[in-house]
Structure formats: structure tokens, C-alpha cells
């Protein structure tokens, strides 16, 4: 029997292999600070911190192994004075490592290691770029981060692709999800609709957009007549060639499974 491979590691490896490393300014001044001295970056595009239980257990046993990237609150507010209320009396603002901070709080840690930066002038852009490259963000969250870069800095799709180390096709695919009505974006976020169906729905005018099966069947992609019968028999079946690479498997699962279903498959494979 062959060695079992954790799907989550395949997902991470697949994305990592496609994402060139974006040059970063060096972090400085390693410190250990109380978690109560840390405020989250209000510009962080991550809307939901998922699967914290496992990370919190690891943090409880071994501590935070990778330091958080922070900036002094005074420096952050000089660049972003409109966030004064959100930062409050915290001494530092977290730029990178929000998930690690949340896990540390869950684990009951009093202190965490940090690397203090001295520049926050483009911290929102840094956070958007870092998050859009992460493998644990949903496609909708990536789309929202990409839209944030376009809105904040006026980038074209080509410029965004260059900034995040992705193809223009990647950017275009993600941005198509932003054409969904807000209620359908919520359905995509909570797993009631798959990414593949969401992209098809997004091609329609807002007044015609609806969930699959709601008030009739969702219009399907045009296919040659000779393939219609075969497509009907294969509905709901994910076909993967026996010679497929791990990358092919990952791509097939992401195209066909809603986020909630994909998370459940990952849980079963870990058992």
C-alpha cells in the first residue's frame, strides 16, 4: 500500500509552486511582547480565520514558532490616521501573522515573538499581496484582496498580476467572482455554491443571477450536441485520469467542490 498524502499539503505545495516570492523589506528588532499590546491591522483582507483549533493546539504545546510582523502603533497611525479608533491603546499593529495571534490567544499565551518593522506606509498593500498569495484563502477572499489593490492603487489587472506573482488569467478568474450579487457571494463563502457554478452565475446580469436549482435550473455552459447526453450522465462526477499529477488532482477538486465540501474531504483524509 502506497504512502498516504495529506490533501492539505498538496494544496499548499501546488500554490507555492506557482507563486514566485515577492521581494520584501527586511524585518528588524526581534522582541517578545504581551498579546495585549497587539492590535490587528484594520486593513487585513482576511475576513475569516478558519481551522484555528489545530493551530492553537500546536501553539499550546510548542509556542509560536514563527514571529509575527508588527509595526509600532505610532508609526502605523502616522501612515493611517483614520484607524486610530481601531488601534486603540495597543503598542503595536500586526501586519503579518493574524492567524498565529488568534491561535496564541486561544491557547492562552501571554506573550508572542514579533519582528518590528519601522515602515507602515504601504502596510495595507503588503497585507493584500501577502494574503492573496496564501493557500488557505478562498477564491472569493483572494478576489476581494485583488479588488482592494485595484481600488486602492488604481492598478490594472496586468499590474496586479505582476505585483502578486500570478498570471493575468488568475487575476481575471478571481475578479469574475466580484460580479456576483452580494447574497450570492455569501452563498459562495459559506459553501452553498461551488466556485465553478459561481463563475457561471457571475456571467449573467444581476437580475438573472440565482442559486443552482432556484426558480429553475442554472444555465449550463454551451457544449456540442453530441456531448449533451454524456454530460448529463456524468453530472456530479469528478473524473481524474489515472496518470494525473498531484497538481491535476488539486485543480480538479478545486474546480468541482464547494469550499465546505473540500474542507470535509481534507478532514477525512487526515483521519
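Residue numbers (our numbering): 113 to 383. Don't be surprised by glycine CBs; every beta carbon is placed ideally from N, CA and C.
Query	Result
Among the candidates 207, 175, 176, 180, whose CA atom is the shortest distance from the CA of residue 189?	207
What residue does the alpha helix (DSSP H) around residue 281 start on, and which one ends it?	280–288
For residue 181, write down the residues that DSSP places opposite it in a beta bridge.	208, 227
Just curious, the beta strand (DSSP E) that residue 319 is in, first and last residue?	Per DSSP, residue 319 belongs to no beta strand (DSSP E) and is neither H nor E.
If you draw a straight line from the C-alpha of residue 270 to the C-alpha of residue 257, how long is it?	15 Å
To the nearest angstrom, how far is it from the Cα of residue 219 to the Cα of residue 178?	15 Å
With a 10 Å radius around its C-beta and 16 neighbouring C-beta atoms as the bar for buried, classify residue 253 as buried or exposed.	buried
Could you pull the start and end residues of the alpha helix (DSSP H) that residue 150 belongs to?	It is not in any alpha helix (DSSP H) - residue 150 instead sits in the beta strand (DSSP E) that spans 150–152.
Mind checking who residue 146 pairs with in its DSSP beta bridge?	223
Please say whether residue 275 and residue 261 have beta carbons closer to each other than 8 Å?	yes
Rounded to whole angstroms, what's the CA-CA distance from residue 202 to residue 148? Just pull it up for me.	7 Å
Quick one: Cα of residue 194 to Cα of residue 259, how far?	21 Å
Measure the C-alpha to C-alpha separation of residue 214 and residue 169 and round it to an integer number of angstroms.	12 Å
Taking all protein chains shown into account, decide if residue 306 is buried (16 or more other Cβ within 10 angstroms of its Cβ) or exposed.	buried
Quick check on residue 197: buried or exposed, where buried means 16 or more other Cβ atoms within 10 Å of its Cβ?	exposed
At what residues does the alpha helix (DSSP H) containing residue 199 begin and finish?	196–199
Please name the residue, chosen from 272, 278, 146, that lies closest to residue 223 on a Cα-to-Cα basis.	146
Cutting at 8 Å between CB atoms, please list the residues of its own chain near residue 181, excluding the five before and the five after it.	139, 206, 207, 208, 209, 226, 227, 229
Could you give the C-beta distance for residue 296 and residue 255, rounded to a whole number, given that I count them as a contact under 8 Å?	That belief does not hold up - the Cβ atoms of residue 296 and residue 255 are roughly 13 Å apart, past 8 Å.
Are there 16 or more other CB atoms within 10 angstroms of the CB of residue 318, so buried, or fewer, so exposed?	exposed
Under 6 Å Cβ to Cβ from residue 301, same chain only, skipping five residues before and after it: list those, please.	252
With DSSP run on the structure shown, which of helix, strand or coil describes residue 358?	helix
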